[in-house]
Each structure stands twice: as structure tokens, then as C-alpha cells.
Amino acid sequence: MFRIVEKEWLADNICRMSVEAPRLAKAAKPGQFLIVRDNERGERVPLTICDYDPQAGTVDIVIQTIGASTKEMCSYNVGDGFADVVGPLGVPSEFISKSAEELKGRRYLFIAGGVGTAPVYPQVKWLKAHGASVDVIMGAKNVSLIILEDRMKALCDNLYVCTDDGSAGFKGMVTAQAEELLTGGHAYDEAVAIGPMIMMKFVALTLKKYSLPLTVSLNTLMVDGTGMCGACRVTVGGKTRFACVEGPEFDGYVVDYDEAMRRQGMYRPQEIEEDHKCHLGLGK
Ligand code: NAD
Ligand code: FES
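In full-length UniProt numbering, the protein residues as written are 1 to 284.
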């Protein structure tokens, strides 16, 4: 059993949990993810790693309650435990293979959308610890959905918060804030975008004209997470790739986002039905 040692609500439907998983905490690297099963009959839910502490032997996960399984997970409290926490899975971010000389002073722009802020955090932490300069744009629908703002502000060089409705920071989407920075004389060597698929698609369309290398992290459907089932199949540069073992990070300019979004929505009718059953007390 993987015991929960901390639980914090970051927003109405977004929860952070710190979970005891010593081997995973020692091995985790920025860019990787894990799969959680709350009980023996539970669904396998892929989650991004928000932080890890090898000394304490804990990993932090951030869960948005979007369906029956994530709601069930968020009902767990400190002292409870998950049946399985498997990971770290996927390929770590490419920048961790760069030397200290290469990273020193290299300018990164991170674009985080909603819950996508969680996986951005360990990447920014790593880059700052290795001498890079990091600006972060963090977007949310409104002020109540902004997460990890103080922690991110304490880490990065400049934090640009934006909300769709203007209830905090810049009024507009992350793409508008990025344009403002790039046309306003801010220069970067690389960009990383993590958030909803539609956001990553439009970030790619926006940044392309600035010739800024872009990495995105694809949150596809996943089942086994080990390259066997094909659930996470995406097309990148015209080739079939499995996000769980070859990703989740890819060159943002060559991802077929429309196909990825279609595949993401494949089981939505079943998810809605399952959610409805749980609402009526007929679920698992
Ligand atoms: P959201 O829908 O509130 O969007 C967050 C921000 O993204 C918006 O405020 C806006 O600035 C930007 N955005 C959205 N649509 C855009 C568009 N068309 N053009 C430009 N910018 C746009 O975010 P949410 O509800 O927190 O999103 C949750 C989604 O993020 C889920 O689908 C979840 O699976 C995904 N997610 C992805 C990852 C990943 O690794 N890619 C990690 C965690 C969560
Ligand atoms: Fe099954 Fe990737 S999740 S192959």
C-alpha cells in the first residue's frame, strides 16, 4: 500500500497529495509520469509527477476530479493508501541530458495551462537548480483555478499569470500572453508547453512564426503504460509513436493534435455513463 502523507485542495476540484513511494521518489526525473490504482478493482489512472523528494521517499501528485475514478481518489485522506503507484514511466525531459555549461544561462519559456502547471513545476525546479533562466506563463479559466502560484513564483525568474476572464493577471489566453512577451523584446532559446491538447495545438501555431523550438507533453489515454496496449498511440512527424514509452514529450511542431484530440475523446460516452452510475450509487 502507498500511504498518503499529505493532502491539500489547490482549487475546488484539484487536489495535491504527497504519497509514500521511496523507490519511485529516488528514480523520478522531470518529464516522467506515474500510474495510480486506488484499489484492486480500480481503473489505472496516469498522473503527472508534480514533485518528488528522494530523502523523504515521497512523490507529489495533482489530481483533477474529472470522472468517477479521480473523484474516488480525491476522497482518500491522509493515512489512507493507494493499491498501486507505478513509475516513473516515460522518457525524462530532453534537457536533463544537457551539460551544466549548456544549461547555464539558457533561456526557457514554459507555458502551463490549468492542471498542466503541475508537471511544469519539477521541470522548472531542475532547470533553475542547473543554472538556466526560466520564465513561466500560467493560464487558468479564472482566479479560483490558478494552482501552485506561490511555489512557482518562488522558483522561476518571471511568472506571468493570465486568466480567460481577467479575474487575475493578464486577461486572455496563454497564447496572447506569449505573443505579448515575444513581440515585446523577450528572447528565449526554447519553449515547453504543457496543458490541454487544444492549448498545445494553439501554442504551436503561435510560436511557429518565432522559430522557437517547442516541446509539448501529451496527456493521451493510457492503459498499461508499458507500450503493449496501443491506447496512447499518437502521430508525430507522420509516424506512429506510443506516448507512454516514447514520450510523453515530443517536438510540438509535428504532433497531429486533431487526431490526438479525437482519440482522447474516444471513451467519453462511457465515462459519462460511469460517472452517472456513480452519482446514482450504482458504480464500483
Ligand atoms: P483549461 O481548459 O482551463 O485551460 C487552461 C488554459 O489553457 C486556459 O486558461 C488558456 O490560457 C489555455 N487554453 C485553453 N484553450 C486554449 C486555446 N484554444 N488556445 C490557447 N490557449 C488555450 O485547463 P484545465 O481545465 O485545467 O485543463 C485540464 C486539461 O489539461 C485536461 O484535459 C488534462 O488532461 C490536461 N492536462 C495535461 C497535462 C499534460 O501533460 N499535457 C497534464 C495535466 C493535465
Ligand atoms: Fe498502452 Fe501506451 S498506454 S501502449
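Each residue gets a CB set at the ideal place from its N, CA and C atoms; glycine is no exception.
Between residue i and residue j, what straight-line distance do the alpha-carbon atoms span, to the nearest angstrom?
i	j	result
D157	E149	13 Å
G238	G81	42 Å
E102	L212	17 Å
F95	I137	19 Å
P30	W126	7 Å
V192	Y108	8 Å
R151	K141	19 Å
T117	L218	14 Å
Over what stretch of residues does the beta strand (DSSP E) that includes residue i continue unbroken?
i	result
E20	I14 to E20
K128	Unbroken run through K128 is the alpha helix (DSSP H), T117 to A129; no beta strand (DSSP E).
M138	S133 to A140
D150	Where D150 is concerned, there is no enclosing beta strand (DSSP E), although the alpha helix (DSSP H) it sits in stretches over E149 to L155.
V45	V45 to D53
Tell me whether residue i, by its Cβ, gets closer than 7 Å to a heavy atom of ligand 2.
i	result
A231	yes
G87	no
F33	no
G225	yes
A243	yes
What are the boundary residues of the alpha helix (DSSP H) that includes residue i?
i	result
Y257	Y257 to Q264
T58	Per DSSP, T58 belongs to no alpha helix (DSSP H); it is in the beta strand (DSSP E), T58 to Q64.
F95	Counting along the chain, F95 falls outside any alpha helix (DSSP H), and DSSP gives it neither H nor E.
Run the proximity test for residue i: is its beta-carbon closer than 7 Å to any non-hydrogen atom belonging to ligand 1?
i	result
R64	Position check: residue 64 holds Gln in this sequence, whereas Arg was assumed. Checking every heavy atom of ligand 1 against the Cβ of Q64, one is found closer than 7 Å.
D164	yes
M199	yes
Y13	Just to set this straight, residue 13 is Asn in the shown sequence, not Tyr. Outside the cutoff, so no.
Run through DSSP, which three-state label would residue i get?
i	result
D80	coil
V254	coil
E179	helix
Y188	coil
K284	Interpretation of K284 is limited by its pLDDT of 47, a score under 50 that renders its predicted location unreliable; no figure is taken from the coordinates.
Just checking: is the beta-carbon of residue i within a distance shorter than 8 Å of some beta-carbon in chain D?
i	result
A100	Judged by its chain identifiers, the structure shown contains no chain D, having just a single protein chain.
**Study point:** alpha helix (DSSP H) segments (min. 4 residues) lying fully within the segment 216-245
**Key:** none
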